[in-house]
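Read left to right, the sequence shown gives residues -20 to -1, 1 to 191 (mature numbering (1 follows the signal peptide of the UniProt record, and there is no 0)).
Glycine included, every Cβ here is placed at the ideal spot set by N, Cα and C.
Input: a single structure, listed below in structure tokens.
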Amino acid sequence: MSRALCKAFAVALLAGGASAFAPPRAVALLAGGAGAFAPPRARTRRPCLRRAAPFDDALATVQALPIFEVMDDIRASVARAGAYVFLEAPPGAGKTTTVPLAAAAELDEGLVIVVEPRRVAARAAARRMAKSLGEEPGGLVGYAMRGDAKRSTRTRVLVVTDGVLLAMCRADPSLAEAAAVIFDEFHERGVDSDVALALCREAQRRSSDSS
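Printed below as a string of structure tokens:
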């Protein structure tokens, strides 16, 4: 039985720029369909729910990044069936390269699909994450875009353009291989990303209804 038939995947939106929820250099986390925001300093840190090498080994080397103020909350949120998470943080907080690895560490199986609006950004993100794991793209971290892809049976984090995600949704509307779909730079919204998000949310609902 595919994963999507027994548990709805998570959807996360990562946005940069000035935050409406938190001051500069802070991180805001809004979990659930209409969840309430609490500033990072108001939260009590707790141990991560689980540990999965090598993803946690890579994350351990960058714990000084601002994103780690709410990393435990992020991991707990994406682990929930059908999670819908919005995360806003300023540039340099560590969103792009740490949240996908944390999701892969927290989720036992399936792909963590990371959607980047530009091809150059997709390749760069995949290379940075793969390097943090001591690999080249195509291993635990891969990427896919029109005319260029590096992916293997080992791949757990796949960085794609929004056009590729739309093609994946057309080929399999349930996104059965997905454990989580993360839209990076979502403040740069476009028609393709909005349509892809709508299709992912519909796939989430279908998976929840069939579970």
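Using a Cβ-Cβ cut-off of 7 Å (strictly less than) and excluding sequence neighbours within five positions of Arg136, which residues of its own chain qualify?
Ala84, Leu91, Val92, Leu120
Would a C-beta distance cut-off of 8 Å place Leu179 and Cys149 closer than the cut-off?
Yes, Cβ-Cβ distance for Leu179 and Cys149 is below 8 Å.
In three-state DSSP terms, what is Asp128?
In this structure, Asp128 counts as strand in the three-state DSSP scheme.
Ile54 - containing alpha helix (DSSP H), residue span
51 to 58
Measuring only the C-alpha atoms, how far is Tyr64 from Leu155?
Cα to Cα, Tyr64 sits roughly 16 Å from Leu155.
Helix, strand or coil at Gly122 according to DSSP, with G and I counted as helix
Strand.
Straight-line Cα distance separating Glu49 from Arg21
Confidence in Arg21 is poor, its pLDDT being 33 and thus under 50, which makes the residue's placement unreliable; the coordinate value appears in the next sentence. Straight through space, the alpha carbons of Glu49 and Arg21 are spaced by roughly 8 Å.
When you compare only the Cα positions, how much space is there between Phe(-12) and Ala160?
5 Å
Run of the alpha helix (DSSP H) containing Leu81, from where it starts to where it stops
75 to 86
What three-state label does DSSP hand Gln184 in the structure shown?
helix
Residue of Pro46, Val175, Arg103 minimising C-alpha distance to Lys75
Pro46
Nearest to Thr141 (by Cα), restricted to the options Glu165, Arg98, Leu113
Out of Glu165, Arg98, Leu113, Arg98 has the C-alpha closest to the C-alpha of Thr141.
Could you pull out every residue in the same chain whose Cβ sits closer than 8 Å to the Cβ of Ser173, ignoring the five residues on either side in sequence?
Closer than 8 Å at Cβ, skipping near neighbours: Val95, Pro97, Asp142, Phe163, Phe166.
Per DSSP, which residues does Ile93 bridge with? Please list them.
Leu138, Val161
Would you kindly check if the distance between the Cβ of Ala124 and the Cβ of Pro153 is under 8 Å?
Not in contact: Pro153 and Ala124 (Cβ atoms no closer than 8 Å).
For Ala(-11), which beta-bridge partners are listed by DSSP?
Ala160
On the CB-based measure, 16 or more other CB atoms within 10 Å of its CB, does Ser132 come out buried or exposed?
exposed
Distance between Gln43 and Leu(-7) (C-alpha atoms, nearest Å):
19 Å
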